[in-house]
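Notes to accompany the following structure.
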Amino acid sequence: MEEFYFLHKIRAILIQFEPKKGQFLLFSATKNVRLKCDTEGESKYKVISLFSGAGGMDLGFIQAGFEIIWANDFFKEATDTYKMNIGNHIVHGDITKIASNEIPDGADVIIGGFPCQGFSVANNKRSMEDKRNFLYKEMLRIIKDKKPKYFVAEN
4 MEEFYFLHKI RAILIQFEPK KGQFLLFSAT KNVRLKCDTE GESKYKVISL FSGAGGMDLG
64 FIQAGFEIIW ANDFFKEATD TYKMNIGNHI VHGDITKIAS NEIPDGADVI IGGFPCQGFS
124 VANNKRSMED KRNFLYKEML RIIKDKKPKY FVAEN
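Residue numbers for the sequence shown follow this note's numbering, so the first one is 4 and each next one is one higher.
In structure tokens, the structure reads:
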């Protein structure tokens with residue numbers, strides 16, 4: 004079993020992933036609530052995916068029984084790949100130009116791997132002026148507007 008911890012000033016979340024069983028178990032430290040979603044369950048938790056790329060994280064959630072209801076990425080080739088392999092629910096476009104009311108309501112979880120190239124120490128040309136440095140704020144905007152039960156921010 005793999006375990007991942009995500010910390011935020013509002014809550015800390017532990018995610019345990021059992022690849023062989025296709026299960027994610029999410030625990031909220033502040034609410035002491037366990038969310039279990041598996042492929043044999045009757046209800047699927049709905050997910051909005053931001054910065055989806057070709058869908059690697061989405062695929063893991065789908066295999067664990069979650070339903071991706073909306074996804075987005077800026078890179079055309081990635082969204083084309085996503086459509087070919089996962090589904091047509093991905094929207095190609097700049098998230099800074101997509102209003103929250105254009106994104107479906109009712110998501111239980113918001114996931115996203117916002118870019119880090121602009122501030123990564125691996126980038127010797129990094130700069131505070133790099134617009135990618137501030138895309139995490141778009142994820143925060145959508146989390147605030149959609150109010151999911153959980154979110155996973157991967158960087």
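Backbone N, C-alpha and C define an ideal beta-carbon position, used for all residues, glycine too.
All of these numbers come straight from a predicted model, not from anything done at the bench.
Task: Rounded C-alpha distance that separates residue 78 from residue 66 - done: Here the question's residue 78 lines up with position 75 in the sequence shown. Here the question's residue 66 lines up with position 63 in the sequence shown. If I take the Cα positions, the gap works out to 24 Å.
Task: Selection from 141, 157, 81 that minimises the alpha carbon distance to residue 93 - done: Your numbering for residue 93 matches position 90 in the sequence shown. When each option's Cα is compared against that of residue 93, the closest is 81.
TODO: Indicate whether residue 138 and residue 154 have their beta-carbon atoms separated by less than 8 Å.
DONE: On the sequence shown, position 135 is the one that residue 138 refers to. On the sequence shown, position 151 is the one that residue 154 refers to. No, the pair does not count as a contact, with Cβ atoms beyond the cut-off.
Task: Three-state secondary structure assigned by DSSP to residue 110 - done: Residue mapping note: residue 110 aligns to position 107 of the sequence shown, counting from 1. Residue state, collapsed to three classes: coil.
TODO: Would you mind sorting residue 158 into buried or exposed? The rule is 16 or more other CB atoms within 10 Å of its CB.
DONE: What you label residue 158 is simply residue 155 of the sequence shown in a count that begins at 1. Burial call: exposed.
Task: Own chain, CB closer than 6 Å to residue 64, minus 5 neighbours either side, in chain order - done: On the sequence shown, position 61 is the one that residue 64 refers to. Result list for residue 64: 50, in chain order.
TODO: Verify whether the separation of the beta carbon atoms of residue 149 and residue 106 is less than 8 Å.
DONE: By 1-based counting over the sequence shown, the position of residue 149 is 146. By 1-based counting over the sequence shown, the position of residue 106 is 103. Contact: yes.
- [ ] Apply the 10 Å Cβ neighbour rule to residue 132 and answer buried if 16 or more other Cβ atoms are within range, or exposed otherwise.
- [x] In the sequence shown, residue 132 corresponds to position 129, counting from 1. Label assigned to residue 132: exposed.
Open item on the list: So, with DSSP's three-state summary, where would you put residue 90?
Closed with: Here the question's residue 90 lines up with position 87 in the sequence shown. Coil at residue 90, not helix or strand.
- [ ] Using beta-carbon positions only, say whether residue 74 and residue 83 come within less than 8 Å of one another.
- [x] In the sequence shown, residue 74 corresponds to position 71, counting from 1. In the sequence shown, residue 83 corresponds to position 80, counting from 1. At least 8 Å separates the beta-carbon of residue 74 from that of residue 83.
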